[in-house]
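Engineer:
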Amino acid sequence: MTSSFEELLRIGAEADVSGWDFSWLDGRATEERPPWGYARRLGERLEGASASLDIQTGGGEVLAQASRLPTLAVATESWPPNIARATALLHPRGIAVVADPDEPPLPFADGAFDLVTSRHPATIHWGEIARVLRPGGTYFAQHVGPASAFELIEFFLGPLPEQRLGRDPGVEAEQARAAGLEVVDLRTARLRIEIFDVAAVVYLLRKVIWWVPGFTVDAHRERLRDLHERIRSDGPFVAHSSRHLIEARKPSRSVSEDDVENRPASPTPA
(Lines of atoms letter the chains of each structure in order from A and count residues from 1; the text may use other names and numbers.)
(Lines give C-alpha, C1' and ligand atoms only; values in the text may rest on other atoms or scores of the structure.)
Protein backbone atom coordinates (compact mmCIF):
# COMPACT_ATOMS: atom_id res chain seq x y z
CA MET A 1 0.00 0.00 0.00
CA THR A 2 1.36 3.43 -0.97
CA SER A 3 2.07 5.66 2.01
CA SER A 4 0.14 8.91 2.33
CA PHE A 5 1.77 12.33 2.16
CA GLU A 6 1.53 12.79 5.93
CA GLU A 7 2.94 9.33 6.59
CA LEU A 8 5.90 10.02 4.30
CA LEU A 9 6.58 13.29 6.12
CA ARG A 10 6.55 11.45 9.45
CA ILE A 11 8.91 8.74 8.17
CA GLY A 12 11.41 11.30 6.88
CA ALA A 13 11.16 13.45 10.01
CA GLU A 14 11.81 10.53 12.38
CA ALA A 15 14.79 9.04 10.53
CA ASP A 16 18.19 9.22 12.22
CA VAL A 17 20.34 11.73 10.30
CA SER A 18 23.55 11.46 12.34
CA GLY A 19 26.70 10.26 10.64
CA TRP A 20 27.42 10.41 6.92
CA ASP A 21 25.97 7.08 5.86
CA PHE A 22 23.09 7.45 3.38
CA SER A 23 22.02 3.79 3.37
CA TRP A 24 18.65 4.80 4.88
CA LEU A 25 17.77 6.01 1.38
CA ASP A 26 17.96 2.50 -0.11
CA GLY A 27 14.73 2.01 -2.04
CA ARG A 28 13.83 5.71 -1.72
CA ALA A 29 16.54 7.38 -3.79
CA THR A 30 19.54 6.49 -5.95
CA GLU A 31 22.69 8.35 -6.91
CA GLU A 32 25.12 7.40 -9.62
CA ARG A 33 28.65 6.89 -8.28
CA PRO A 34 31.78 8.67 -9.56
CA PRO A 35 33.92 6.50 -11.87
CA TRP A 36 37.18 6.82 -9.93
CA GLY A 37 36.27 4.86 -6.77
CA TYR A 38 37.35 7.28 -4.04
CA ALA A 39 37.14 4.88 -1.08
CA ARG A 40 39.31 2.28 -2.83
CA ARG A 41 41.91 4.82 -3.88
CA LEU A 42 41.90 6.37 -0.41
CA GLY A 43 42.69 2.95 1.04
CA GLU A 44 45.65 2.58 -1.33
CA ARG A 45 47.11 5.90 -0.23
CA LEU A 46 46.60 5.17 3.45
CA GLU A 47 48.62 1.97 3.07
CA GLY A 48 51.63 3.97 1.96
CA ALA A 49 51.36 6.80 4.51
CA SER A 50 53.09 7.15 7.88
CA ALA A 51 50.85 9.88 9.35
CA SER A 52 47.40 10.77 7.98
CA LEU A 53 44.71 13.35 8.69
CA ASP A 54 41.11 13.02 7.46
CA ILE A 55 39.40 16.43 7.59
CA GLN A 56 35.64 16.66 8.24
CA THR A 57 35.33 12.90 8.49
CA GLY A 58 31.57 12.92 9.15
CA GLY A 59 30.72 9.73 10.99
CA GLY A 60 34.01 8.16 9.85
CA GLU A 61 32.24 5.76 7.50
CA VAL A 62 34.57 6.17 4.51
CA LEU A 63 37.80 6.20 6.53
CA ALA A 64 36.70 3.06 8.39
CA GLN A 65 36.62 1.10 5.10
CA ALA A 66 40.42 1.21 4.80
CA SER A 67 41.99 -2.19 5.38
CA ARG A 68 45.34 -0.79 6.54
CA LEU A 69 46.14 2.45 8.33
CA PRO A 70 49.27 4.50 9.03
CA THR A 71 50.97 4.29 12.39
CA LEU A 72 49.45 7.70 13.18
CA ALA A 73 45.91 8.29 11.91
CA VAL A 74 43.77 11.28 12.95
CA ALA A 75 40.35 12.56 11.89
CA THR A 76 38.56 15.85 12.59
CA GLU A 77 34.83 16.59 12.78
CA SER A 78 32.73 19.52 14.00
CA TRP A 79 29.13 18.28 14.39
CA PRO A 80 28.59 16.65 17.83
CA PRO A 81 26.41 13.74 16.62
CA ASN A 82 29.04 12.92 13.99
CA ILE A 83 31.86 13.24 16.51
CA ALA A 84 30.19 10.63 18.71
CA ARG A 85 29.55 8.30 15.78
CA ALA A 86 33.07 8.70 14.37
CA THR A 87 34.60 8.08 17.79
CA ALA A 88 32.67 4.85 18.21
CA LEU A 89 33.59 3.69 14.71
CA LEU A 90 37.21 4.85 14.43
CA HIS A 91 38.66 4.56 17.94
CA PRO A 92 38.65 0.74 17.82
CA ARG A 93 40.78 1.07 14.66
CA GLY A 94 43.30 3.25 16.51
CA ILE A 95 42.22 6.47 14.79
CA ALA A 96 42.09 9.56 17.02
CA VAL A 97 39.00 11.75 16.48
CA VAL A 98 39.52 15.45 17.23
CA ALA A 99 36.62 17.89 17.67
CA ASP A 100 37.39 20.84 15.39
CA PRO A 101 35.18 23.76 14.28
CA ASP A 102 36.22 23.50 10.59
CA GLU A 103 37.77 26.95 10.78
CA PRO A 104 41.49 27.84 10.73
CA PRO A 105 43.78 26.96 12.26
CA LEU A 106 43.85 23.18 12.28
CA PRO A 107 44.96 22.03 15.76
CA PHE A 108 48.16 20.38 14.50
CA ALA A 109 51.81 21.36 14.08
CA ASP A 110 53.38 22.39 10.80
CA GLY A 111 54.34 19.40 8.66
CA ALA A 112 52.62 16.87 10.92
CA PHE A 113 51.20 14.63 8.14
CA ASP A 114 52.36 13.13 4.89
CA LEU A 115 48.74 12.49 3.79
CA VAL A 116 45.71 14.75 4.27
CA THR A 117 42.34 13.56 2.96
CA SER A 118 38.70 14.61 2.90
CA ARG A 119 35.46 13.46 1.32
CA HIS A 120 32.94 16.21 0.64
CA PRO A 121 34.35 18.90 2.95
CA ALA A 122 31.96 21.79 3.55
CA THR A 123 34.86 24.25 3.75
CA ILE A 124 38.35 24.02 2.27
CA HIS A 125 41.17 26.01 3.84
CA TRP A 126 44.08 25.46 1.47
CA GLY A 127 46.61 27.38 3.54
CA GLU A 128 46.01 25.11 6.53
CA ILE A 129 46.14 21.97 4.39
CA ALA A 130 49.50 23.09 2.99
CA ARG A 131 50.79 24.02 6.44
CA VAL A 132 50.15 20.64 8.09
CA LEU A 133 51.52 18.66 5.13
CA ARG A 134 55.15 17.59 5.17
CA PRO A 135 57.28 18.49 2.16
CA GLY A 136 56.44 15.85 -0.43
CA GLY A 137 53.10 15.12 1.28
CA THR A 138 49.78 14.75 -0.55
CA TYR A 139 46.24 16.09 -0.24
CA PHE A 140 43.80 13.56 -1.73
CA ALA A 141 40.09 14.33 -1.68
CA GLN A 142 36.69 14.10 -3.34
CA HIS A 143 34.91 17.46 -3.33
CA VAL A 144 31.35 18.45 -4.09
CA GLY A 145 31.32 20.38 -7.36
CA PRO A 146 29.28 23.29 -8.72
CA ALA A 147 25.46 23.32 -8.70
CA SER A 148 25.27 19.90 -7.03
CA ALA A 149 21.64 18.81 -6.45
CA PHE A 150 20.52 22.31 -7.43
CA GLU A 151 17.40 20.98 -9.14
CA LEU A 152 16.16 20.03 -5.64
CA ILE A 153 17.62 23.06 -3.85
CA GLU A 154 16.08 25.52 -6.33
CA PHE A 155 12.74 23.72 -6.13
CA PHE A 156 12.56 25.09 -2.58
CA LEU A 157 14.58 28.30 -2.82
CA GLY A 158 14.04 29.48 -6.38
CA PRO A 159 16.80 30.34 -8.90
CA LEU A 160 20.28 30.78 -7.39
CA PRO A 161 22.46 31.89 -10.32
CA GLU A 162 25.35 33.22 -8.21
CA GLN A 163 25.49 30.17 -5.94
CA ARG A 164 25.64 27.94 -9.02
CA LEU A 165 29.08 29.38 -9.73
CA GLY A 166 30.58 28.20 -6.42
CA ARG A 167 32.78 25.13 -5.86
CA ASP A 168 34.30 25.39 -9.31
CA PRO A 169 37.08 22.75 -9.61
CA GLY A 170 39.27 25.04 -11.69
CA VAL A 171 39.02 27.79 -9.10
CA GLU A 172 39.81 25.33 -6.31
CA ALA A 173 42.87 24.11 -8.22
CA GLU A 174 44.10 27.70 -8.51
CA GLN A 175 43.53 28.21 -4.77
CA ALA A 176 45.56 25.09 -4.05
CA ARG A 177 48.40 26.38 -6.21
CA ALA A 178 48.24 29.77 -4.51
CA ALA A 179 48.77 27.96 -1.19
CA GLY A 180 51.96 26.43 -2.57
CA LEU A 181 50.64 23.02 -3.66
CA GLU A 182 51.12 21.29 -7.01
CA VAL A 183 47.87 19.91 -8.48
CA VAL A 184 48.74 16.52 -9.95
CA ASP A 185 45.23 15.19 -10.70
CA LEU A 186 41.81 16.79 -11.23
CA ARG A 187 38.79 14.85 -12.50
CA THR A 188 35.11 15.83 -12.66
CA ALA A 189 31.80 13.98 -12.90
CA ARG A 190 28.11 14.90 -13.18
CA LEU A 191 25.93 12.15 -11.72
CA ARG A 192 22.22 11.35 -11.88
CA ILE A 193 20.06 11.35 -8.74
CA GLU A 194 16.55 9.89 -8.64
CA ILE A 195 14.25 10.54 -5.66
CA PHE A 196 11.24 8.24 -5.34
CA ASP A 197 9.28 9.76 -2.47
CA VAL A 198 9.02 12.85 -0.30
CA ALA A 199 10.28 10.99 2.79
CA ALA A 200 13.69 10.89 1.09
CA VAL A 201 13.49 14.64 0.49
CA VAL A 202 12.74 15.34 4.15
CA TYR A 203 15.61 13.08 5.20
CA LEU A 204 18.07 14.75 2.82
CA LEU A 205 17.14 18.29 3.79
CA ARG A 206 17.41 17.44 7.50
CA LYS A 207 20.81 15.82 6.94
CA VAL A 208 22.45 18.13 4.41
CA ILE A 209 21.37 21.24 6.29
CA TRP A 210 23.13 23.77 4.04
CA TRP A 211 21.04 22.81 1.00
CA VAL A 212 17.90 24.57 2.27
CA PRO A 213 18.95 26.59 5.34
CA GLY A 214 16.38 26.54 8.12
CA PHE A 215 14.45 23.65 6.58
CA THR A 216 11.60 22.24 8.65
CA VAL A 217 8.65 20.12 7.59
CA ASP A 218 6.16 22.65 8.93
CA ALA A 219 7.78 25.66 7.26
CA HIS A 220 8.04 23.90 3.90
CA ARG A 221 4.93 21.74 4.00
CA GLU A 222 3.24 23.22 0.93
CA ARG A 223 6.34 22.93 -1.24
CA LEU A 224 6.79 19.36 -0.01
CA ARG A 225 3.19 18.67 -1.01
CA ASP A 226 3.86 20.08 -4.48
CA LEU A 227 6.87 17.79 -4.81
CA HIS A 228 4.87 14.80 -3.54
CA GLU A 229 2.19 15.38 -6.19
CA ARG A 230 4.82 15.84 -8.89
CA ILE A 231 6.46 12.49 -8.03
CA ARG A 232 3.07 10.77 -7.99
CA SER A 233 2.16 12.10 -11.44
CA ASP A 234 5.53 12.18 -13.23
CA GLY A 235 7.69 9.58 -11.49
CA PRO A 236 11.02 10.08 -9.72
CA PHE A 237 12.33 13.58 -9.19
CA VAL A 238 15.61 13.83 -11.09
CA ALA A 239 18.57 15.93 -9.97
CA HIS A 240 22.31 15.77 -10.59
CA SER A 241 25.21 15.73 -8.17
CA SER A 242 28.58 17.19 -9.10
CA ARG A 243 31.86 15.74 -7.86
CA HIS A 244 35.55 16.25 -8.48
CA LEU A 245 38.59 14.29 -7.45
CA ILE A 246 41.60 16.41 -6.60
CA GLU A 247 45.13 15.39 -5.69
CA ALA A 248 47.69 18.04 -4.75
CA ARG A 249 51.25 17.66 -3.53
CA LYS A 250 53.41 19.86 -1.34
CA PRO A 251 56.77 20.27 -3.09
CA SER A 252 59.82 18.74 -1.51
CA ARG A 253 62.63 21.11 -0.62
CA SER A 254 64.73 21.86 -3.65
CA VAL A 255 68.37 20.76 -3.94
CA SER A 256 69.47 24.37 -3.86
CA GLU A 257 67.68 24.93 -0.52
CA ASP A 258 69.35 21.85 0.95
CA ASP A 259 72.71 23.01 -0.37
CA VAL A 260 72.29 26.41 1.28
CA GLU A 261 71.35 24.85 4.63
CA ASN A 262 74.20 22.32 4.55
CA ARG A 263 76.92 24.53 3.06
CA PRO A 264 79.91 24.94 5.43
CA ALA A 265 80.23 28.38 6.94
CA SER A 266 82.76 30.67 5.31
CA PRO A 267 85.95 31.10 7.34
CA THR A 268 86.10 34.28 9.36
CA PRO A 269 88.62 36.72 7.88
CA ALA A 270 91.78 37.16 9.93
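The UniProt record's numbering applies: residue 1 is where the sequence shown begins, and numbers increase by one. All residues carry an ideal CB built from backbone N, CA and C; glycine is no exception.
Around the C-beta of T76, are 16 or more other C-beta atoms found within 10 angstroms, so that it is buried, or is it exposed?
Structural biologist: Buried: at least 16 other Cβ atoms inside 10 Å.
Engineer: Tell me whether the beta-carbon of I246 lies closer than 7 angstroms to the beta-carbon of A29.
Structural biologist: Their beta carbons are not under 7 angstroms apart, which means I246 does not touch A29 by this criterion.
Engineer: In the DSSP output, what is F237 paired with across the bridge?
Structural biologist: According to DSSP, F237 bridges with I195.
Engineer: Drop a sphere of 10 angstroms on the beta-carbon of H91, count the other beta-carbons inside from all chains shown, and report buried for 16 or more, exposed for fewer.
Structural biologist: Per the 10 Å Cβ criterion, exposed.
Engineer: Measure the C-alpha to C-alpha separation of V201 and A88 and round it to an integer number of angstroms.
Structural biologist: When rounded, the distance between both Cα atoms is 28 angstroms.
Engineer: Run through the segment 117-151 for me and flag every whole beta strand (DSSP E) of 3 or more residues, listed as ranges in chain order.
Structural biologist: If we require 3 residues or more, the beta strand (DSSP E) runs fully inside the segment 117-151 come out as 133-144.
Engineer: Along the alpha helix (DSSP H) that carries V171, what are the first and last residues, could you check?
Structural biologist: Per DSSP, V171 belongs to the alpha helix (DSSP H) from P169 to A178.
Engineer: For D258, which of helix, strand or coil comes out of DSSP?
Structural biologist: Here the model assigns D258 a pLDDT of 46, short of 50, so the residue's position is not dependable, and the following value carries that caveat. Helix.
Engineer: Can A51 and L25 be called in contact, C-beta distance under 7 angstroms?
Structural biologist: No; because the gap between Cβ atoms is not below 7 angstroms, this pair is not in contact.
Engineer: Taking 7 angstroms as the threshold (C-beta atoms), are V198 and L224 in contact?
Structural biologist: Yes, these two residues count as a Cβ contact at 7 angstroms.
Engineer: Pull up the distance between the alpha-carbon of V212 and that of A149, whole angstroms please.
Structural biologist: Roughly 11 angstroms separates the two Cα atoms.
Engineer: Measure from the alpha carbon of Q142 to the alpha carbon of each residue in S23, P169, S233 and A66, then state which is nearest.
Structural biologist: The residue with the shortest Cα to Cα distance from Q142 is P169.
Engineer: Do you know how far the Cα of D110 is from the Cα of E162?
Structural biologist: If I take the Cα positions, the gap works out to 36 angstroms.
Engineer: Quick check on V202: does DSSP put it in helix, strand or coil?
Structural biologist: Three-state DSSP puts V202 in a helix.
Engineer: Could you check how far apart the C-beta atoms of R243 and T138 are, in whole angstroms? I think they sit under 8 angstroms.
Structural biologist: Between T138 and R243 the Cβ distance is about 19 angstroms, and since that is not below 8 angstroms, they are no contact.
Engineer: Considering Cα atoms alone, identify which of D16, A178 and E47 is closest to residue 335.
Structural biologist: As displayed, the chain neither begins before 1 nor continues past 270, which places residue 335 out of reach and without an answer.
Engineer: Are there three or more Cβ pairs, one per stretch, closer than 8 angstroms when the segment 218-235 is compared with the segment 121-130?
Structural biologist: No: fewer than three Cβ pairs fall under 8 angstroms.
Engineer: Determine the DSSP secondary structure at L106, reduced to helix, strand or coil.
Structural biologist: Correct three-state label for L106: coil.
Engineer: DSSP three-state label for D218, please.
Structural biologist: Here D218 sits in coil by DSSP.
Engineer: S52 by DSSP, collapsed to three states: which one?
Structural biologist: Three-state DSSP puts S52 in a strand.
Engineer: Can you tell me whether L165 is buried or exposed, with buried defined as 16 or more other CB within 10 angstroms of its CB?
Structural biologist: Exposed, since its Cβ has fewer than 16 Cβ neighbours within 10 Å.
Engineer: To the nearest angstrom, report how far apart P35 and L42 are at their CA atoms.
Structural biologist: Answer to the nearest angstrom: the Cα atoms are 14 angstroms apart.
Engineer: Assuming R40 and P135 form a contact by the criterion Cβ under 8 angstroms, report the distance between their Cβ atoms to the nearest whole angstrom.
Structural biologist: At roughly 27 angstroms, the Cβ-Cβ gap does not stay under 8 angstroms, so R40 and P135 are not in contact.
Engineer: Please tell me whether L181 and A248 are closer than 7 angstroms, where the distance is taken between their beta carbons.
Structural biologist: The answer is yes: Cβ separation under 7 angstroms.
Engineer: Let's see if you can read the secondary structure: which residues bound the beta strand (DSSP E) around L72?
Structural biologist: Run containing L72: L72 to E77, per the beta strand (DSSP E) assignment.
Engineer: Please state the DSSP three-state secondary structure of A112.
Structural biologist: Three-state DSSP puts A112 in coil, outside helix and strand.
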